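Chains as they are written, first to last, in full-length UniProt numbering: chain A, 1 to 267; chain B, 1 to 267.
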């Protein structure tokens, strides 16, 4: 299985229907789950090197429709990181203080420091997606915001922040099942928000808008991946794999011992 | 006197020698000082409207060589603002935490909220100027940073942050006098830093680098002004005038009374 197949090439015009939400990459579930466990151990080791090196950092952006599996991904994939050096930020509706600034202000403050991993559960992309779907964002403002996002991500890239952006791709039927489950299971009631139904009614508009955004903001330095997410085990497997491959591509090494260390004697 | 004459037009190739550091705009000192006092009262009133409106904000960037008059400008000009809604941030050498992020990270966090005025005493421009003068920044990194700065300032502009950038322009002889004064006057010793002499030795390189930076980052939405600053009274007068003219140009109005207010009875 090539993870490359799930990456949006810069300039590529995304049509979400081209990606099968039930795709399993030709994997068998049990094998994939075993492999995911092994990859997670490697992932934690790679993260330790990233931290020790203290030069580069990793930013992971998670975007999805409601019930798309963002929280599950954080739990089952990002849970594999050492919490030392890892931050997870869920971005909610902006507060009054946040709204009093440009839309990247609150996001920029939480960008990962060198050596760290930051996970954005929702992100600056919400400020494009949601108002656009609700017809609150004229074309030219959308264009400007996408330009600002590209410039912002280029800035992070120049500061050696490696960026991975995952769109968790579920079908409308899968969303129906998951929302229904939240209604049916008392231990899931807390996750049900009646507003999710209003957003669900705008399914097509979300599709269009995601397509537009993914097509226009996938760069070599900050690529989007479309992750088939109807099968949770495959979603977890694929994301873990992309994380490991990306970190391995960085050729992370523990820093050399300080000079003269061999002469140090503890007395 | 036209304040426009001191603004760097976008795309204009700046030569600092074209601006006389002793220029007094044809003003007489006593008249100018009286006028500055009157303008400051207007400035505070305009700021109150900016605050009441709560939509737009003002960012003032102060850059200068050592002893160029940044602290004096903050005291004598910005001192006229109501501290409620005003913040002054002196940017020092970046801390370890700050260096672990991109160079705009610490600056972005301190951008003014709607209704507020933020004054940057030194700024993100230091991260271009100082390393460039010290030959630590290759041409292509300089280019990237200037691009990032332009994109960042465009982002602020889109969020309705009005931006004014002042380069306080002093002569080499004036700097000599001011540094000497710091040596001679016990009440000014604390301001003397021997490192200032090392920077002074790089006078020509600073000139070149400022010229390059001013030429490439003066935009309609974030213009640079070259402020003749050998005469402190003229510097204060000119900056106050630009502030007042800019704020007046915004047509700031107190927000209308909430509807139905006329029926409210305090009982």
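All C-beta atoms, glycine included, are put in the ideal place defined by N, C-alpha and C. Just so you know, these numbers come straight off a predicted model, no measurement behind them.
By the C-beta density criterion, residue 245(B) is exposed, having fewer than 16 other C-beta atoms within 10 angstroms.
Taking 9 Å as the Cβ-Cβ cut-off, the region 104 to 116 of chain A approaches chain B at 104, 105, 108, 109, 111, 112, 113, 114, 115 and 116, given in chain order.
Think of a sphere of 8 Å around the beta carbon of residue 97(A): the chain B residues whose beta carbon falls inside it are 113, in chain order. In the DSSP assignment, residue 215(A) falls outside any beta strand (DSSP E) and within the unbroken alpha helix (DSSP H) covering 203 to 216. 9 Å or more divides the Cβ of residue 103(B) from the Cβ of residue 110(B). Under the DSSP assignment, residue 170(A) falls outside any beta strand (DSSP E); it carries neither an H nor an E label.
Counting only runs that start and end inside the region 139 to 169 of chain A, the beta strand (DSSP E) elements of at least 3 residues fall at 161 to 169. Near chain B, meaning a CB-to-CB distance below 8 Å, no residue of the region 196 to 227 of chain A qualifies. Residue range 57 to 64 is occupied by the beta strand (DSSP E) that includes residue 62(B). For residue 225(A), the uninterrupted beta strand (DSSP E) segment begins and ends at 224 to 228.
Under the three-state reduction of DSSP output, residue 88(A) falls in the strand class. Judged by beta-carbon spacing, residue 158(A) lies beyond the 9 Å limit of residue 56(B), meaning their Cβ atoms are not closer than that value. Taking a contact as a CB-CB distance under 8 Å, the pair residue 117(B) and residue 81(B) counts as one, their CB atoms being some 6 Å apart. Close partners of residue 144(A) in chain B (Cβ separation under 7 Å): 158. Residue 119(A) is bridged by DSSP to 60(A) and 88(A).
For residue 102(B), at least one C-beta of chain A is nearer than 9 Å to its own C-beta. In the three-state DSSP reduction, residue 7(A) falls in the strand class (E or B). One alpha carbon belongs to residue 94(A), the other to residue 107(A), and they sit about 11 Å apart. CA-to-CA, the gap between residue 232(A) and residue 66(A) works out to about 15 Å.
Secondary structure in the region 26 to 55 of chain B: the alpha helix (DSSP H) runs of 4 residues or longer, each lying completely within the stretch, are 29 to 53 in chain order. Taking 9 Å as the cut-off, the beta carbon of residue 21(B) is found no closer than this to the beta carbon of residue 237(B). Taken atom to atom, the span from the alpha-carbon of residue 34(A) to that of residue 241(A) is near 12 Å. The Cβ atoms of residue 166(B) and residue 61(B) sit closer than 9 Å to each other. For the 9 Å CB-CB criterion, residue 192(B) and residue 29(B) do not form a contact.
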